[in-house]
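Note that the protein sequences, when read in sequence, are chains A and B. Positions 18 to 261 (the numbering used here) are the ones given, in order, by the first sequence. Positions 18 to 261 (the numbering used here) are the ones given, in order, by the second sequence. Heads up, the beta-carbon is just placed ideally off N, CA and C, and yes, glycines get one too. None of the values given here were measured: they were computed from a predicted structure. Here is the structure we will look at.
Protein chains: 2
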Amino acid sequence: MPTLRLVESEPGQSRYGALAAALRVRIVSGEFPPGCAIPAEATLAADYGVALGTIRRALDLLAEQGLVERIQGRGTFVKQGLTGAPMLRFFRFGAASHETPQSRILARDSLAAPPDVARALGGGPGEQSLRLKRLRTVDGQPALHEEIWLPLPLFAPLLEGDPARWGDLLYPVFAELCGVHVLRAVDTIGFGSLGAAQARVLRLPAGHPCARVQRRAFDLAGRCIESRTTLGDANAFHYTVSIT
Amino acid sequence: MPTLRLVESEPGQSRYGALAAALRVRIVSGEFPPGCAIPAEATLAADYGVALGTIRRALDLLAEQGLVERIQGRGTFVKQGLTGAPMLRFFRFGAASHETPQSRILARDSLAAPPDVARALGGGPGEQSLRLKRLRTVDGQPALHEEIWLPLPLFAPLLEGDPARWGDLLYPVFAELCGVHVLRAVDTIGFGSLGAAQARVLRLPAGHPCARVQRRAFDLAGRCIESRTTLGDANAFHYTVSIT
DNA sequence: AAGTGGTCTAGACCACTCT
DNA sequence: GAGTGGTCTAGACCACTTG
Chain A
18 MPTLRLVESE PGQSRYGALA AALRVRIVSG EFPPGCAIPA EATLAADYGV
68 ALGTIRRALD LLAEQGLVER IQGRGTFVKQ GLTGAPMLRF FRFGAASHET
118 PQSRILARDS LAAPPDVARA LGGGPGEQSL RLKRLRTVDG QPALHEEIWL
168 PLPLFAPLLE GDPARWGDLL YPVFAELCGV HVLRAVDTIG FGSLGAAQAR
218 VLRLPAGHPC ARVQRRAFDL AGRCIESRTT LGDANAFHYT VSIT
Chain B
18 MPTLRLVESE PGQSRYGALA AALRVRIVSG EFPPGCAIPA EATLAADYGV
68 ALGTIRRALD LLAEQGLVER IQGRGTFVKQ GLTGAPMLRF FRFGAASHET
118 PQSRILARDS LAAPPDVARA LGGGPGEQSL RLKRLRTVDG QPALHEEIWL
168 PLPLFAPLLE GDPARWGDLL YPVFAELCGV HVLRAVDTIG FGSLGAAQAR
218 VLRLPAGHPC ARVQRRAFDL AGRCIESRTT LGDANAFHYT VSIT
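Here's what the structure looks like:
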């Protein structure tokens with residue numbers, strides 16, 4: 018590729034900002050899939066006809082935004098999605114608290130999403146969606162009840178196969194079976210009380226106080242690809258925030 | 018000051034890291050008080066005998082850490098402490114939710130701190146401390162009950178004068194009367210139920226579910242200068258976190 | 001040894017703020 | 001207009017990783 022790549026920077030935008038935006042487009046378009054290394058700084062600087070320092074600023078910006086990861090001596094890599102069990106950050110269940118909770122799918126249906134979920138997922142009203150209900154246990158004790166909505170047909174592969182074989186973490190399944198990489202999530206926390214059905218599953222009395230975590234998860238391109246409601250015993254809730 | 022300032026950088030530490038540490042010491046020591054402008058980049062670069070870009074990295078680092086604020090065309094300033102009403106970020110009370118809640122001091126005592134509070138404040142056991150109890154109201158309705166522990170003699174000025182004249186925000190009072198600037202706070206969120214006394218103050222039934230926010234606040238030098246427990250109706254609790 | 005990102009230099013010019 | 005931080009350049013050398 019001997020030709021120079023050109024970036025047009027809108028007035029008021031810095032050149033490294035425009036470069037970051039251009040690289041973001043190339044990443045999101047799939048030119049560099051998750052886990053893949055992007056070209057070296059020197060290569061990019063030559064491609065775009067800018068100084069090394071400028072392309073560095075652009076890459077640092079993408080790294081701050083969590084889109085890429087820089088490793089000295091190796092290169093710059095497109096981030097793999099979230100894989101951990103971030104829901105446990107909100108709860109403390111007994112001694113085994115820092116292990117990944119076990120997971121059991123209670124229900125799997127394809128149906129029209131209620132209006133608020135459809136809006137969250139960015140689809141029209143009554144969009145056909147996949148709904149999962151899931152029980153998570155810690156040390157064999159029921160801990161969390163989850164209702165998960167996923168847009169179709171993107172998640173159609175999850176309608177087939179035995180959910181018992183998915184394992185305890187969902188996001189790696191999203192990546193392997195559907196090619197969806199969760200990069201960012203927004204959790205909204207509130208308190209309420211358990212309905213009869215959820216209480217039965219969690220082996221708590223109906224009306225027991227519970228913490229409610231509403232999650233919206235987003236992929237590389239910024240699309241919302243999951244709307245989830247998690248319920249757990251309010252007394253096990255525990256979270257720390259730092260303010261600056 | 019014609020002589021060059023020297024920084025010794027420990028092995029493995031970058032020069033800008035060492036410069037940032039040196040500047041941090043000068044700020045914390047009081048050489049540049051909060052709100053004050055620190056010398057210009059060019060001046061500092063000459064003082065320390067390094068390139069402009071290097072001193073810039075050091076200042077950017079301090080800005081990331083929240084110790085200074087950079088304003089184009091004006092200069093680099095030592096941060097004033099937090100002044101807002103950050104506790105309201107956790108609750109939603111009616112329509113007037115985004116206004117600063119009103120504040121009334123219910124009690125003010127000087128007494129020995131219980132062990133956990135003394136530990137939090139970094140003092141010995143039974144350290145003499147100032148305890149405030151405080152009711153915060155929104156739209157005239159009781160909303161939050163707070164118990165606040167402050168180390169003595171640092172906060173001795175608060176033992177005198179009429180608390181009713183302190184205003185609705187406490188941190189500006191800390192700064193004006195005690196010279197303490199709160200730069201950072203760590204909040205731990207949990208769930209519980211109201212004791213009889215707190216319930217009466219909040220006009221809720223005893224045993225009503227409540228959210229509990231445990232705050233530790235820190236000053237410029239990183240000392241813990243406040244331990245606070247805030248209680249509010251669990252149904253009004255509402256918080257959003259972004260995960261990456 | 002070759003290739004990567006991390007640090008550092010010594011300039012230049014620009015955008016913004018204040019007087 | 002003088003002074004500030006923000007952007008950009010074109011180099012140099014270093015630390016780390018991999019073959």
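One Cα belongs to residue 172(A), the other to residue 147(A), and the distance between them is close to 7 Å.
The contact set of residue 133(A) on chain B, defined by CB atoms closer than 7 Å, is empty, because the minimum CB distance reaches about 16 Å. For residue 103(A), the chain B residues whose Cβ falls inside 8 Å of its Cβ are 260, in order along the chain. Residue contact check for residue 225(B) against chain A: no CB pair falls below 7 Å. Here residue 100(B) carries a coil assignment [DSSP, helix/strand/coil]. Where residue 71(B) is concerned, the enclosing alpha helix (DSSP H) starts and stops at 69 to 81.
Against chain A, the beta carbon of residue 201(B) has neighbours under 8 Å at 259, 260 and 261, listed in chain order. The residue among 46(B), 76(B) and 191(B) with its C-alpha nearest the C-alpha of residue 60(B) is 76(B). Judged by DSSP in its simplified three-state form, residue 159(A) adopts strand. For residue 25(A), there is no enclosing alpha helix (DSSP H), as DSSP gives it neither H nor E. Residue pairing of residue 88(B) in beta bridges, as defined by DSSP: 92(B). According to the DSSP assignment, residue 217(A) belongs to the alpha helix (DSSP H) that extends over 213 to 219.
For residue 210(A), the closest alpha carbon among the candidates 228(A), 110(A) and 203(A) is that of 228(A). With a cutoff of 7 Å on beta-carbon distance, residue 238(A) and residue 202(A) are scored as not near each other. For residue 64(A), same chain residues with a beta-carbon under 8 Å away, outside a window of 5 residues either side, are 18, 21, 22 and 56 in chain order. Judged by pairs of C-beta atoms under 8 Å, the segment 95 to 110 of chain A does not touch the segment 121 to 128 of chain A, as fewer than three such pairs exist. Using a Cβ distance threshold of 7 Å, residue 261(B) and residue 83(A) count as a contacting pair. The Cβ atoms of residue 111(A) and residue 156(A) sit closer than 7 Å to each other. Sequence-distant Cβ neighbours of residue 216(B) in its own chain, meaning closer than 8 Å and more than five residues away, are 222, 223, 224 and 225. For residue 52(A), there is no enclosing alpha helix (DSSP H), as DSSP gives it neither H nor E. The beta carbon of residue 135(A) lies closer than 7 Å to those of 141, 142, 143 and 144 in the same chain, with the five residues before and after it left out. In the same chain as residue 246(B), and ignoring 5 residues on each side of it, the C-beta atoms closer than 6 Å to its own belong to 164 and 231, in chain order. Within its own chain, the residues whose Cβ lies closer than 7 Å to the Cβ of residue 45(B), once the five positions on either side in sequence are excluded, are 237 and 238, listed in chain order. Spanning the alpha carbons of residue 179(A) and residue 199(A) requires a straight line of approximately 22 Å. Contact between residue 218(A) and residue 132(A) fails: their C-beta atoms lie close to 25 Å from each other, not under 8 Å.
Assigned with DSSP and collapsed to three states, residue 129(A) falls in strand. Interface annotation, residue 115(B): not in contact with chain A, CB-CB separation never under 7 Å. Comparing alpha-carbon positions, the option among 194(A), 52(A) and 212(A) lying closest to residue 95(A) turns out to be 52(A).
The residue from 150(B), 191(B) and 107(B) with its alpha-carbon nearest to that of residue 259(A) is 107(B). With respect to the C-alpha of residue 195(B), the residue from 181(B), 244(B), 169(B) and 185(B) having the closest C-alpha is 169(B). Residues are counted here when their Cβ sits less than 7 Å from a Cβ of chain A; for the segment 229 to 261 of chain B these are 251, 252, 254, 255, 256, 257, 258, 259, 260 and 261, given in chain order. Cβ contact annotation for residue 191(A) (same chain, cutoff 6 Å, sequence separation greater than five): 197, in chain order. Contact residues of the segment 139 to 166 of chain B toward chain A are absent (C-beta to C-beta distance below 8 Å). Interface annotation, residue 208(B): in contact with chain A, CB-CB separation under 7 Å.
Around the beta carbon of residue 151(A), 16 or more other beta carbons lie within 10 angstroms, which makes this residue buried.
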